[in-house]
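Okay, structure first, notes after.
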Amino acid sequence: MQWYFCFFLVSGFCSILYEIVWLRISMAQFGVTTAMVSLVLSAFMVGLGIGSWGAGLVSRKLGSRFPALRLYALVELLIAFSAIAVPVELSLGRELLLKTVRGMSLSTFYIPSAVWLAMTLVPWCACMGATFPFMMAAIKQEGSAEEVKSFSFLYLPNIIGATAGAVLPLFLIELVGFHRTLGIAAVLNLTLAGTAFWISFHRKPAAVTELHEAGPEPLPLSASSRLSDRALLVMLFGTGLTSMGVEVVWVRLYTPSLGTLVYAFAAILGLYLVAMDVGSWIYRRTNRDHVLDNGLLWAALGFSVIVPFLTADPRLALPAILRVVLGILPFSALVGFVTPAVLDRFSRGNPTRAGTGYAVNIAGCVLGPLLAGFLLLPTAGERLSLCLLAIPWFLAAI
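Per the numbering used here, the sequence shown starts with residue 1, numbered consecutively.
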C-alpha cells in the first residue's frame, strides 16, 4: 500500500503541473482572460469526469480477469505522451483559428477556441481521471484493509502532490522553460508506469480476488442517516460546482492584490490545495463520515463561501497574501473534508460506484467555471456571485 500512496503523490504533482503549464500555453495561444481560465479548467474537468466514469465501467467488466494495476500503468504511460502532444496540438489550433476566424469578435472567437481546447485536453485528462477507479480496483483485488475507504486513502496523497504541483512548476518554468518542465513530468509518469507494471508482474496470483460484474454492494448506512444515494450525488455535484466556481471568482477578486492573472491563479490554487490537504487529513484521522448528517457542517460551508466577501475589502489594511489566505482557507479545508467523506460514504470501496460519484463531482467542477466565468461574474459581479454560490448550502443545512 505504501507504493500506491507514493504513486498518487507523484501523480497528483504531475496532474497539476500539466494543468498550470497547459493553462500558460493556452493563454499564450488564445488570449489572457478570465474566460480562458474558465475554458481550460472546464476542459480539464470534462476529461477527468469522462475518464473516471469510463474506468469505473471497465473495472466492473474486467473483474479479476486482468490486473487493474496494469491498467493504471497503461494510463500513466499515455499521460506521459501528453507532454509532447498537447503543446503541438495547441500551436496547431492557433494557426488554424487565425486562418479561419478572421474578423470575428472576441466573444465569437471563444467558441472555436473552446472546441479546440476540448479536443486537445479532454482525451489526455480522461487518462488522469481513470487513475482513481483503476487503483481502487487494484486495492480491491489485493483485499487490503483500506478497501472500504480506498478513495480517501488515495485522495490524500493526490492532493498533497497536487499542492507541490501548484508551486514548483512556477520555478521550473522560469529555470528551464515550458517544454522541459513538461518533460520532467513525463519522466515521472513513465517511472510510475514502469514501476506499476513491474509490481503487477511480481504480485502473487492468489492475491487477486473476484470483482463481481455489478460490484459488491456498499456497506449499509446507519438507520439515523438522512442522506440517500441521490442526496450524496447531489452534494458531490454541488461541492464540485461551488469549489470551481468560487475559484474563478477568487482569481478576479484577488488579482488586484496578487498581480498578474496567471500568477494569481497559481497562488490561489496552491493555497486552495494546501487547505484541502488539511481537511482531507482531518477526515482520515477522525474517520467520521457520519458528520455529513449534521446540518451545521453544511451551514459552515455556506458561510465559508462568502468569507472572501470580507477579506477582499480594500478598506482592510492586510498584506496581499494574508488577505487571500484568510479568504479561501476556510472553504477549501471544508471541501477537503467533505468531498472524500461523501465519496467514501457513497462508494464504500466499490470502484464502479467511486467512478460514478467522482464523475458526478467533476461534472459540477465543469459547470462551475462556466457558470462563474460566463454568467455570474458578467451579470452579478464578484461579491454577489459568492452570495449566489453560498445559498444552496444554507438550504442544504436547513
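For glycine and all other residues, C-beta sits at the position ideal for the given N, C-alpha and C.
If we call anything under 9 Å between Cβ atoms a contact, is THR239 one with VAL307?
No.
Sequence ranges, alpha helix (DSSP H) only - wholly within the region 283 to 364, length at least 4:
Scanning the region 283 to 364 for uninterrupted alpha helix (DSSP H) segments of 4 residues or longer gives 295 to 311, 320 to 347, listed from N- to C-terminal end.
At a cut of 8 Å, does the region 34 to 44 reach the region 188 to 198 through at least three beta carbon pairs?
Touching, no.
Just to confirm, are PRO67 and GLN141 a CB contact at a threshold of 9 Å?
Their beta carbons are under 9 Å apart, which means PRO67 touches GLN141 by this criterion.
How long is the line joining the alpha carbons of PHE13 and TYR283, rounded to whole angstroms?
Annotation: PHE13 to TYR283 spans about 21 Å, alpha carbon to alpha carbon.
What's the C-alpha gap between ALA214 and ARG60?
At ALA214 the pLDDT is 42, less than 50, meaning the model places this residue with poor confidence and gives no usable figure here.
When the Cα of TRP402 is compared with those of GLU76, THR311, ILE328, which residue comes out closest?
There is simply no residue 402 to check, as the chain begins at 1 and stops at 398 in what is shown.
Alpha carbon to alpha carbon, how far is PHE132 from THR356? Give it in angstroms, no decimals.
The straight-line gap from Cα to Cα measures roughly 11 Å.
Candidates LEU241, ALA55, VAL342, PHE5, of which the one nearest PRO157 by Cα:
Relative to PRO157, the option among LEU241, ALA55, VAL342, PHE5 whose CA is nearest is PHE5.
With DSSP collapsed to three states, give me the class of LEU97.
Three-state result, LEU97: helix.
If we count Cβ pairs, one from each stretch, closer than 8 Å, do we get three or more for the region 362 to 369 versus the region 233 to 249?
Contact between the region 362 to 369 and the region 233 to 249 is present, because at least three Cβ pairs lie under 8 Å.
Cα-Cα separation, SER332 to LYS99
Going from the Cα of SER332 to the Cα of LYS99 covers about 42 Å.
By alpha-carbon positions, which one of MET1, SER385, ILE20 ends up nearest to PHE171?
Of the candidates MET1, SER385, ILE20, ILE20 places its Cα closest to the Cα of PHE171.
In whole angstroms, what separates the C-alpha of PHE337 from that of GLY295?
Each residue's CA atom was taken as its position, placing PHE337 and GLY295 some 15 Å apart.
Please identify the residue among PHE237, PHE81, TRP116, TRP250 whose C-alpha is closest to the C-alpha of GLY381.
Nearest of PHE237, PHE81, TRP116, TRP250 to GLY381, Cα basis: TRP250.
Around the Cβ of LEU375, are there at least 16 other Cβ atoms within 10 angstroms (buried) or fewer (exposed)?
Around the C-beta of LEU375, fewer than 16 other C-beta atoms lie within 10 Å, and the residue is accordingly described as exposed.
Whether GLN29 touches GLY93 by CB criterion (9 Å):
Yes, the pair counts as a contact, with Cβ atoms nearer than the cut-off.
Leaving out the 5 sequence neighbours to the left and right, which residues in its chain are closer than 6 Å to SER113 when beta-carbon positions are compared?
Correct list, in chain order: PHE30.
Could you have a look at ILE152 and say whether DSSP puts it in helix, strand or coil?
Per the sequence shown, residue 152 should be read as Ser rather than Ile. Reduced to three states, the DSSP call for SER152 is helix.
For SER200, which residues of its own chain have a beta-carbon under 6 Å away from its beta-carbon, when the five flanking residues on both sides are left out?
These residues qualify, in order along the chain: PRO67, LEU69, ARG70.
Below 6 Å CB to CB, which residues in the same chain sit around MET235 once its five sequence neighbours on both sides are set aside?
Sequence-distant Cβ neighbours of MET235 in its own chain, meaning closer than 6 Å and more than five residues away, are VAL342.
GLY270 - DSSP class collapsed to helix/strand/coil:
Secondary structure of GLY270 (DSSP, three-state): helix.
Quick one: using the 10 Å Cβ neighbour count with 16 as the cut-off for buried, is LEU384 buried or exposed?
Per the 10 Å Cβ criterion, exposed.
Straight-line gap, PHE44 to GLY56 (C-alpha atoms, nearest Å)
The alpha-carbon atoms of PHE44 and GLY56 are separated by roughly 19 Å.
Report yes if the C-beta distance between GLY302 and ALA397 is below 9 Å; otherwise report no.
Against a cut-off of 9 Å, the Cβ pair of ALA397 and GLY302 comes out as a contact.
According to the Cβ coordinates, are GLY165 and LEU48 closer than 9 Å?
Contact check for GLY165 against LEU48 fails: the beta carbons are separated by 9 Å or more.
If you follow the alpha helix (DSSP H) that ILE25 is part of, which residue opens it and which one closes it?
First-last of the alpha helix (DSSP H) with ILE25: 2 to 30.
Whole-angstrom Cβ separation of LEU297 and VAL291, contact assumed at under 8 Å?
Right, their Cβ atoms sit about 6 Å apart.
Anticipated Cβ contact below 8 Å, PHE346 with LEU273, distance rounded
The distance from the Cβ of PHE346 to that of LEU273 is about 23 Å, inconsistent with a contact at the 8 Å cut-off.
Close beta carbons around ILE268, own chain, < 7 Å, minus the five adjacent residues each side:
Answer for ILE268: GLU247, TRP250, VAL251, TYR254, VAL324, ILE328, listed in chain order.
What do you get for PRO378, buried or exposed, if any count of 16 or more other CB atoms within 10 angstroms of its CB means buried?
Only exposed fits PRO378, as fewer than 16 other CB atoms lie within 10 angstroms of its CB.
What is the DSSP secondary structure of ARG65, counted as helix, strand or coil?
Per DSSP, reduced to three states, the secondary structure at ARG65 is coil, with no helix or strand assignment.
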